[in-house]
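For what it's worth, the numbering used here labels the leading residue of the sequence shown as 7, then goes sequentially. C-beta: ideal position from N, C-alpha, C; glycine also.
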Amino acid sequence: MRTLLVTLSGTHGTGKSTNAGRVYYLLNGSGRKFSYLRHQDLLDPFGFIVRRAARILRVDVNYLERTTPVRILWSLYFLLIYCPILIGGIGLRRLLGYSVVTDRYIYDLIVGFWGNHQRVPLEHLLIWILPRPDISFVLEAEDSRILAARPEHTEEFIRNEKRLYNWLADHFGLKRISTSESFQAVWKRIAADIESSFRNAPASQTRSILSK
7 MRTLLVTLSG THGTGKSTNA GRVYYLLNGS GRKFSYLRHQ DLLDPFGFIV RRAARILRVD
67 VNYLERTTPV RILWSLYFLL IYCPILIGGI GLRRLLGYSV VTDRYIYDLI VGFWGNHQRV
127 PLEHLLIWIL PRPDISFVLE AEDSRILAAR PEHTEEFIRN EKRLYNWLAD HFGLKRISTS
187 ESFQAVWKRI AADIESSFRN APASQTRSIL SK
């Protein structure tokens, strides 16, 4: 049975969750069996601990993230919790005949850490062992729209994020999707590309990895 792993990435304020959720409903409504996975939910528990620790210690959270003890703890979290849940969750869904759409993935994790001037702990290992998406989208929007949706960020922050996503799109072959059109047009384009991937997918798929 053909199943796909679909990911939506992009700068803060481009509507990753909104678009992923709507596409999930559209695909299921058309007869496809899709499961929706919230990637951020796997990172929030440890991220909350780091933010709480920074508040207690009265230090900047970005500084704390760069310290060796926290990076070691992130490595353990990735190995013992994040990877088993993510890989197992995707694998189980596909074993049951469900395709998976997720509103963030390893690409967004990379941008988050790179934006703080550091590499993801165990970055190359994560890239190697995580399931490779069959099709990945990176959502793009005008700076003014992003800043309106996320006023807590600066123009410099948004420009840097967009630069990193552009590099990842070129390196990993992510498909760029402009969100400057109507929501319906964006959803229709994403759904059409996913349907095309179903037609091009081999009948018997084996697990592949992010080998680049």
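The straight-line gap separating the alpha-carbon atoms of Val-67 and Arg-61 is approximately 8 Å. In the structure shown, Leu-153 adopts helical secondary structure according to DSSP, grouped into three states. When only Cα atoms are considered, Leu-102 and Tyr-69 end up about 43 Å apart.
Per DSSP, reduced to three states, the secondary structure at Glu-187 is coil, with no helix or strand assignment. Using a Cβ-Cβ distance cut-off of 8 Å, the segment 34 to 49 and the segment 130 to 141 are not in contact, since fewer than three pairs of beta carbons, one from each stretch, lie closer than that value. DSSP places Lys-22 within a helical segment (H, G or I) once states are collapsed to three.
Counting along the chain, Leu-11 sits inside the beta strand (DSSP E) bounded by residues 11 to 16. In the structure shown, Glu-201 adopts helical secondary structure according to DSSP, grouped into three states. Between Val-117 and Val-29, the C-beta spacing is not below 8 Å. For Glu-146, the closest alpha carbon among the candidates Gln-190, Arg-165, Ile-183 is that of Ile-183.
Distance from the CA atom of Lys-181 to the CA atom of Lys-22, rounded to whole angstroms, is 14 Å. As DSSP reads the structure, Tyr-42 sits in a beta bridge with Val-107. Between the C-alpha atoms of Leu-43 and Gly-179 there is a straight-line separation of about 22 Å. The alpha-carbon of Ile-196 is positioned some 35 Å away from that of Val-56.
Between the alpha carbons of His-159 and Thr-24 lies a distance of about 19 Å. For Gly-16, the closest alpha carbon among the candidates Pro-127, Leu-174, Leu-33, Gln-124 is that of Leu-174.
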